[in-house]
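Down below is the structure, laid out as structure tokens.
Protein chains: 4
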Amino acid sequence: MNWNHYVSLAREGDLVQLLGRGHKSHFIHLKAGAIFQTHRGELNHDSMIGKPWGTRLLSHTGHPFFLMRPGLADLLTAIKRNTQIIYPKDIGYILMVMGIGPGMTVLEAGTGSGALTSAFAFFVGDQGKVISYDNREQIQNLARKNLTRLGLFDRVTLKLGDARDGFDERNMDAIFLDLPNPNIVIPQVKASLKVGGFFGTIVPTTNQVCDLLPELHRNDFAFVEVCEIMLRFYKPDWERLRPTDRMVAHTGFLIFARSVMEKPESD
Amino acid sequence: MNWNHYVSLAREGDLVQLLGRGHKSHFIHLKAGAIFQTHRGELNHDSMIGKPWGTRLLSHTGHPFFLMRPGLADLLTAIKRNTQIIYPKDIGYILMVMGIGPGMTVLEAGTGSGALTSAFAFFVGDQGKVISYDNREQIQNLARKNLTRLGLFDRVTLKLGDARDGFDERNMDAIFLDLPNPNIVIPQVKASLKVGGFFGTIVPTTNQVCDLLPELHRNDFAFVEVCEIMLRFYKPDWERLRPTDRMVAHTGFLIFARSVMEKPESD
Amino acid sequence: MNWNHYVSLAREGDLVQLLGRGHKSHFIHLKAGAIFQTHRGELNHDSMIGKPWGTRLLSHTGHPFFLMRPGLADLLTAIKRNTQIIYPKDIGYILMVMGIGPGMTVLEAGTGSGALTSAFAFFVGDQGKVISYDNREQIQNLARKNLTRLGLFDRVTLKLGDARDGFDERNMDAIFLDLPNPNIVIPQVKASLKVGGFFGTIVPTTNQVCDLLPELHRNDFAFVEVCEIMLRFYKPDWERLRPTDRMVAHTGFLIFARSVMEKPESD
Amino acid sequence: MNWNHYVSLAREGDLVQLLGRGHKSHFIHLKAGAIFQTHRGELNHDSMIGKPWGTRLLSHTGHPFFLMRPGLADLLTAIKRNTQIIYPKDIGYILMVMGIGPGMTVLEAGTGSGALTSAFAFFVGDQGKVISYDNREQIQNLARKNLTRLGLFDRVTLKLGDARDGFDERNMDAIFLDLPNPNIVIPQVKASLKVGGFFGTIVPTTNQVCDLLPELHRNDFAFVEVCEIMLRFYKPDWERLRPTDRMVAHTGFLIFARSVMEKPESD
């Protein structure tokens with residue numbers, strides 16, 4: 010899959026999103042002769058290849074599916090995983106605060122299922138680079154599969170290694186930790202991050218926030234920001250507009266900081 | 010300013026962020042011989058040129074400032090404006106849902122002060138393009154200045170024009186409306202958007218949401234999502250961790266939809 | 010059940026709360042010789058009568074239950090219902106804003122399953138009065154049963170009638186509407202409410218809010234307040250304190266106003 | 010002031026709420042011959058005595074004021090204070106969870122400015138009782154003044170004393186702590202609370218929550234609930250309905266628990 014070169018018709022090899030009723034998504038690679046099977050019936054890949062995006066198709070049992078270029082947020086949410094993944098609402102804010110865009114080099118630990126790695130790889134573009142550490146080989150293999158499937162693996166270097174042993178890289182623009190104990194590897198982050206560079210992490214509990222903050226202070230990080238992002242959906246009914254009944258109440262606390270040369274007096 | 014080629018030392022011409030106490034930011038372009046003046050004292054640009062990022066400097070009255078590469082979110086928040094700007098929390102989610110990344114072509118109406126335009130330009134990279142319409146010449150001039158100052162203007166085409174007259178472009182990947190009445194230009198959006206493409210907008214009131222939704226339905230948009238993003242900050246004090254006392258309660262309702270070929274029966 | 014005269018031991022006739030694992034509550038009236046049956050085993054009522062509150066009992070299959078005086082919020086949440094009930098978070102705020110306490114007379118339409126009626130009856134005490142209208146006989150019968158079960162029926166007058174036909178009462182301290190279309194009965198509310206009195210209602214959609222507000226304005230209500238209450242629970246784990254993963258995102262919009270003698274110029 | 014016996018006309022001695030433009034409230038006791046002075050002009054008390062509630066009056070400079078019976082929530086928010094007060098949104102939920110209504114006896118520590126004490130006194134009615142401890146004499150004097158002004162002092166016993174020394178009372182229905190370190194007095198609470206009784210507290214930081222929870226566990230409290238209440242206001246404009254721009258983001262974490270006889274295995 011080449012993110013920049015989708016054309017107006019679905020082609021063999023494309024990763025496509027089939028959107029059914031109730032917003033249920035399926036992601037498949039188009040392959041001549043193959044059959045897409047779901048409990049709402051079958052669709053031949055051949056009936057999709059060459060069709061314009063947005064086409065409405067019917068399964069052999071008459072259920073409608075729309076043929077769509079994959080949406081990034083949907084794609085990341087649907088990624089194969091055996092770990093907790095980071096939500097699009099959190100990723101979006103991480104990108105903005107850390108300025109992770111085209112041409113950037115980003116270091117991440119740990120890789121997990123590769124959802125955040127994929128998002129970083131998407132946004133740094135083909136001139137950027139994501140280096141991602143994890144000490145669990147099996148999990149990193151899953152991430153490799155996910156990245157390859159999304160056509161983003163060539164922008165990523167996966168390294169099998171424990172963040173506690175430090176990172177090979179120096180002068181990184183940005184380092185993001187997705188680890189249970191980010192507090193124990195802050196000197197390692199400091200050593201690999203450009204002075205002035207961006208640090209970020211996400212942790213689920215307030216205790217982890219409290220453990221991390223003094224380590225940031227001790228290692229000359231400043232301009233610390235602790236926050237959380239809440240996403241509230243509305244039922245899109247113009248005669249009865251209202252928030253949905255239930256929502257995801259918590260994914261994690263985001264913590265950002267910047268590496269500086271000298272401890273500020275008061276921060 | 011070249012976003013991809015910051016080096017480890019601040020150079021003449023660089024846009025720098027001076028971060029003072031209380032997280033107050035100043036953004037300046039470094040120029041040999043110039044003087045940065047603030048109510049917390051003066052700093053010579055020459056004392057910054059050639060210094061590593063993250064350096065702590067003192068004004069002539071002894072107030073500390075950190076010399077930083079500009080943070081994207083800070084930068085957009087500080088942009089010169091005479092219109093309401095879109096917040097980083099909202100921009101981040103827009104990027105994720107609409108998949109606005111390297112190499113994309115995005116159409117926007119209206120330009121406003123150019124904060125969202127800048128964010129889009131940053132994330133599409135130098136291989137992408139942002140086309141932005143506004144029918145207010147003076148406002149677009151301000152946007153041009155802001156984009157130029159951020160070194161992003163070469164990725165943007167500003168067009169003076171009213172969205173009601175339609176757009177010159179066809180087959181856009183993504184169209185975002187930042188207009189008071191997005192509901193009145195949905196056929197124009199439909200005509201310029203790729204089938205399968207991403208539509209997004211932000212409106213402050215529930216009435217505008219209720220006005221827009223039937224228009225999206227009427228013009229064969231599907232997979233409509235209405236949501237809002239809330240950002241809650243915490244005081245970064247590890248012995249007294251707590252949310253800040255007050256927060257921004259509302260910026261706008263985000264509405265996303267995808268153009269499809271035929272109206273779905275139930276959506 | 011006499012809310013004011015619980016003694017330290019559970020007595021025959023008392024309404025008791027049996028709290029099992031995972032905070033699951035059961036409410037029963039103690040009756041000599043009776044047996045409480047649950048899928049976690051049986052408990053003889055006799056084993057509870059005469060026991061101090063807070064006693065830990067075991068069912069015949071060894072599952073633990075605590076014998077508790079009923080908690081008001083739990084009780085209202087567990088009420089038998091065939092309609093949507095109002096949540097404790099909303100009721101609490103209604104009490105505060107409308108000042109519904111001992112000795113007050115409150116008028117309500119409609120009764121529904123009687124959860125809010127019960128809360129009002131609890132808080133007005135035995136010197137207060139709740140008058141509640143509903144035009145659905147079957148539903149009001151359920152409310153009667155619920156109120157009787159909670160020992161609060163003697164503080165309540167249920168009236169079978171449609172709010173559109175107006176209310177018999179005049180000079181009410183406070184009127185609360187729990188109706189699908191509160192906007193169509195505002196003149197009736199005005200006629201029965203003391204000037205200076207408190208009006209309140211709850212509606213699920215923004216459209217209903219928009220329908221109601223001009224009616225309040227037209228009928229000389231002022232000091233209008235529109236709000237919503239969000240309740241976020243945390244997992245009570247002191248080593249891993251964090252919000253619960255999911256929450257109730259929306260119950261309704263609360264609208265309050267006060268009847269005044271003359272329309273204010275700007276409100 | 011007698012909360013239950015307001016009549017339809019304002020009388021000498023009544024505590025009245027004068028509501029001006031922009032919802033600004035003033036609370037005064039009516040006294041023949043007295044003059045109410047504000048920067049929006051003067052009003053003679055005599056022009057209010059004998060007037061119906063809801064009457065619109067003009068100050069001598071022509072500014073409008075409505076003569077209102079005081080609203081409880083407004084009243085508590087406006088109380089004279091030198092300490093942080095508890096907000097109506099939090100008080101309402103406390104009442105509901107702890108079942109604090111007519112005829113109840115409630116113990117509180119510390120009194121502070123008396124806002125919560127007043128709310129408890131209002132809701133327990135003239136057959137109930139509130140006992141409130143504080144070890145700061147001056148602060149309790151302020152509370153006494155506030156309670157007297159609200160006509161609620163006869164329902165309250167103020168005791169000068171430190172919660173660490175324990176409470177004179179036994180078998181309380183409900184105990185609420187409004188102290189900086191509730192965790193250090195849980196055995197004292199246990200000794201004075203009925204088994205089965207309700208414990209509640211509010212603390213601003215997550216650290217305090219983490220300090221308190223193990224103490225509750227150690228002292229045989231169960232059915233622990235940790236939560237926070239968020240209140241979001243909307244601008245009451247039916248053509249432009251939207252949340253207000255800013256909101257109170259945090260007042261405190263509410264913690265509730267019930268005293269039981271024996272530690273549950275898993276809670």
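Residue numbers (this note's numbering), protein chains in the order written: chain A, 10 to 276; chain B, 10 to 276; chain C, 10 to 276; chain D, 10 to 276.
Here a beta-carbon is modelled for each residue, glycine too, at the ideal position from N, C-alpha and C.
The beta carbons of Val106 (chain B) and Val139 (chain B) sit about 17 Å from each other, so the pair does not count as a contact at 8 Å.
Excluding its 5 nearest sequence neighbours in each direction, Phe265 (chain D) has C-beta neighbours in its own chain below 6 Å: Val106, Gly209, Glu234, listed in chain order. Listed by position along chain A, the residues whose Cβ is nearer than 8 Å to that of Leu24 (chain B) form an empty set, because the closest Cβ is around 12 Å away.
In this structure, Gly110 (chain D) and Phe132 (chain D) form a Cβ contact; the two beta carbons are roughly 6 Å apart against a cut-off of 8 Å.
Annotation: the segment 199-233 of chain D contains the following complete segments of the beta strand (DSSP E) (minimum length 3 residues), in chain order: 202-212. Here Gln93 (chain B) carries a coil assignment [DSSP, helix/strand/coil]. Here DSSP, grouped into helix, strand and coil, assigns Thr166 (chain B) to strand. Shown here for Asn53 (chain C): same chain residues with a beta carbon closer than 7 Å to its own, the five before and five after excluded, namely Ile44 in chain order.
Boundaries of the beta strand (DSSP E) harbouring Ser268 (chain A): 262-268, taken from the DSSP string. In chain order, Gly205 make up the part of chain B whose C-beta sits under 7 Å from the C-beta of Arg78 (chain A).
Taking 8 Å as the CB threshold, Ala258 (chain D) lines the interface with chain B.
Residues of chain B whose Cβ lies closer than 7 Å to the Cβ of Ser56 (chain A) do not exist, since the nearest Cβ in that chain is about 14 Å away.
Taking the Cα positions, Arg227 (chain D) is about 12 Å away from Asp220 (chain D). For Met181 (chain C), not one C-beta of chain D is nearer than 8 Å to its own C-beta. Taking the C-beta atoms as reference points, Thr214 (chain D) is found nearer than 8 Å to Arg251 (chain B). A Cβ-Cβ distance of about 12 Å is found for the pair Asn144 (chain D) and Gly121 (chain D), leaving them out of contact under the 8 Å criterion. Note that the segment 29-43 of chain C does not touch the segment 233-247 of chain B; fewer than 3 beta-carbon pairs, one per stretch, sit closer than 8 Å.
For the pair Val212 (chain D) and Phe176 (chain D), the CB atoms are not nearer than the 8 Å cut-off. Not flagged as an interface residue toward chain B: Asn53 (chain C), since no C-beta distance is shorter than 8 Å. Under the three-pair Cβ rule at 8 Å, the segment 16-23 of chain C counts as touching the segment 49-64 of chain C. For a Cβ distance threshold of 7 Å, residue set Arg249, Leu250, Arg251 of chain C lies close to Thr214 (chain A), ordered along the chain. In this structure, Glu178 (chain B) lies away from Ser141 (chain B), with their beta-carbon atoms at least 8 Å apart. Put simply, of C:Gln46, C:Pro196, C:Arg78 the residue whose alpha carbon is nearest the alpha carbon of Leu67 (chain C) is C:Gln46.
Leu27 (chain D) is bridged by DSSP to D:His35, D:Leu76.
Assignment of beta-bridge partners to Gly63 (chain A) by DSSP yields no partner. For the segment 220-241 of chain D, residues whose beta-carbon sits nearer than 9 Å to a beta-carbon of chain C comprise Asp220, Leu221, Leu222, Pro223, Leu225, His226, Asp229, Ala231, Phe232, Val233, Glu234, Val235, Cys236, Glu237, Ile238, Met239, Leu240, Arg241. A Cβ-Cβ separation of about 13 Å leaves Gly134 (chain A) out of contact with Leu104 (chain B) under the 8 Å criterion.
Ranking C:Pro196, C:Ala118, C:His38 by CA distance to the CA of Val165 (chain C) puts C:Ala118 first. Beta-bridge annotation (DSSP): Asn53 (chain C) is paired with C:Ile44. Along the segment 117-131 of chain B, going in chain order, the ones with a CB nearer than 8 Å to a CB of chain A are Ala128, Phe131. Rounded to the nearest angstrom, the gap between the Cα atoms of Ile94 (chain A) and Met77 (chain A) is 24 Å.
If you draw a straight line from the Cα of Asn150 (chain B) to the Cα of Asn190 (chain A), it comes to about 48 Å. By the neighbour-count criterion, in which a residue is buried when 16 or more other Cβ atoms sit within 10 angstroms of its Cβ, His69 (chain D) is exposed. Within chain B, the residues placing a beta-carbon under 7 Å from that of Ile100 (chain A) are Met105, ordered along the chain. The Cβ of Ala82 (chain A) sits closer than 8 Å to at least one Cβ of chain B.
Boundaries of the alpha helix (DSSP H) around Thr157 (chain C): 146-158.
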